[in-house]
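Numbering (my numbering), first residue to last: 26 to 218.
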Ligand SMILES: [Zn+2]
């Protein structure tokens with residue numbers, strides 16, 4: 026088959042005081058190229074052209090996920106509140122279970138229906154979880170719980186932190202991957218506000 030001429034994909038350029046080029050596809054399907062302040066346009070374009078195949082594949086994936094989310098439909102306020110109610114006792118039980126296993130304490134548990142994150146852990150040990158985890162497989166919920174509880178030992182994402190996560194859940198990469206791949210589909214089901 027003759028090779029089609031590769032068109033330069035559309036992208037948004039963000040320059041900053043960084044050393045290397047980086048490429049990012051947002052869940053909405055935007056291509057962002059991060060580049061050092063003084064790098065030439067030509068060099069940046071060559072980089073984007075070189076990655077054109079990767080960009081197209083990831084854009085197709087983002088489109089598929091948005092389609093799936095559109096098919097599944099937006100959740101109503103009532104559905105969200107039901108999900109939250111169903112998740113809360115499970116989450117409390119899983120958190121207590123893994124906290125005992127890891128030997129860590131924690132403060133309050135809050136459930137939020139939010140677009141930005143799956144969980145968080147404050148310096149005081151208060152935990153927050155996304156109510157959309159109710160729609161994720163139980164193994165994925167456990168991963169988010171363990172992730173946040175491991176921040177009670179390491180308040181960062183250092184190799185030491187990931188070693189703690191791996192010690193509790195050796196197969197955590199697959200669970201994390203599920204969230205990376207399918208998480209955007211769940212998040213897209215939140216009602217627009
Ligand atoms: Zn974290």
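The beta carbon of each residue, even a glycine, is placed where N, CA and C say it ideally should be.
Please read these numbers as outputs of a predicted model, since none were measured by experiment.
- Return yes when at least one heavy atom of ligand 1 lies under 7 Å from the C-beta of residue 182, else no. Checking every heavy atom of ligand 1 against the Cβ of residue 182, one is found closer than 7 Å.
- Query: Going along the chain, which residues of its own chain have a beta-carbon closer than 8 Å to the beta-carbon of residue 204, five neighbours each way excluded?
  - Reply: Same-chain partners within the cutoff: 143, 161, 165, 168, 169.
- Which runs of the alpha helix (DSSP H) spanning at least 4 residues fall entirely within the segment 154-198, listed in chain order? Assignment of alpha helix (DSSP H) within the segment 154-198, counting only whole runs of 4 or more residues, yields 163-175, 184-193 in chain order.
- Query: Do the CB positions of residue 116 and residue 136 come within less than 8 Å of each other?
  - Reply: Yes, these two residues count as a Cβ contact at 8 Å.
- Task: Would you check if the segment 122-129 and the segment 184-198 touch, i.e. whether three or more CB-CB distances between them fall below 8 Å?
- Result: With contact defined as three or more Cβ pairs closer than 8 Å, the segment 184-198 and the segment 122-129 are in contact.
- Given residue 26, which residues of its chain have a CB within under 8 Å of its CB, disregarding the five upstream and five downstream residues? Here the model assigns residue 26 a pLDDT of 49, short of 50, so the residue's position is not dependable, and the following value carries that caveat. Taken in chain order, the list of residues that qualify is empty.
- Task: Determine, using beta-carbon pairs with one atom in the segment 146-159 and one in the segment 170-184, whether at least three such pairs fall under 8 Å.
- Result: A contact exists between the segment 146-159 and the segment 170-184.
- In terms of alpha-carbon separation, which member of 53, 139, 93, 123 lies closest to residue 102? It is 139.
- Using the Cα positions of residue 48 and residue 210, report the straight-line distance between them to the nearest angstrom. Take the alpha-carbon of residue 48 and the one of residue 210: they are about 21 Å apart.
- Query: With which residues is residue 61 paired in a DSSP beta bridge?
  - Reply: DSSP, once it has assigned bridges, lists 41 as partnering residue 61.
- Does ligand 1 have a heavy atom nearer than 7 Å to the CB of residue 122? Every heavy atom of ligand 1 is 7 Å or more from the Cβ of residue 122, so no.
- Query: Closer than 7 Å: is that where the CB of residue 172 sits relative to any heavy atom of ligand 1?
  - Reply: Within the cutoff, so yes.
- Message: Quick check: is any heavy atom of ligand 1 less than 7 Å from the C-beta of residue 176?
- Response: For ligand 1, at least one heavy atom lies less than 7 Å from the Cβ of residue 176.
- Integer-rounded CB distance, given that residue 46 should sit under 8 Å from residue 59: In this structure, residue 59 and residue 46 form a Cβ contact; the two beta carbons are roughly 7 Å apart against a cut-off of 8 Å.
- Count the other C-beta atoms from every protein chain shown that fall within 10 angstroms of the C-beta of residue 120, then say buried if there are 16 or more, exposed otherwise. Buried, because 16 or more other Cβ atoms sit within 10 Å of the Cβ of residue 120.
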